[in-house]
Amino acid sequence: MSITALPAPLLKQRDVQEHYGVSDWTVNQWVRNGCPVEYLPNGHRRFNLAEVRAWMAEQAPAGREQRRRQSEHALSQRSA
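Every position in the sequence shown, counted from 1, becomes a number in this note's numbering once 190 is added.
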């Protein structure tokens, strides 16, 4: 008898929203920006939380750098 790992449970968008404390708009933006999502045959979306977490970790450094550049630009506009 062999034991195989079960696939991770897939979450509904509402579950992801609650987990991260964000709106549906935010999750939709994440998907547009490349957040991993699986589409069911009926067209509904489901999320693997481990894949979403990995994607979020990849996005964090880029997001911090972008916010830093925006802040510097805003400050330079004030002093100009």
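Note that the Cβ used here is the ideal one computed from N, Cα and C, for glycine as well.
Alpha carbon of residue i to alpha carbon of residue j, nearest angstrom
i: Arg-204; j: Asp-214; result: 7 Å
i: Phe-237; j: Glu-248; result: 17 Å
i: Asn-232; j: Arg-222; result: 20 Å
Three-state secondary structure (DSSP) of residue i
i: Asn-218; result: helix
Member of the options whose CA lies at the smallest distance from the CA of residue i
i: Ala-250; options: Lys-202, Trp-220, Pro-199, Gly-211; result: Trp-220
i: Leu-230; options: Arg-268, Leu-200, Gln-267; result: Leu-200
i: His-209; options: Leu-265, Gly-224, Ala-240; result: Ala-240
C-beta neighbour in chain D for residue i, strict 8 Å
i: Ala-240; result: Absent from the structure: chain D. Only one protein chain is present.
Buried or exposed by the 16-neighbour rule on C-beta atoms within 10 Å, applied to residue i
i: Val-242; result: buried
i: Val-212; result: exposed
In DSSP terms, what residue i is bridged to
i: Glu-228; result: Arg-236
i: Leu-265; result: Answer is none; Leu-265 lacks a bridge partner.
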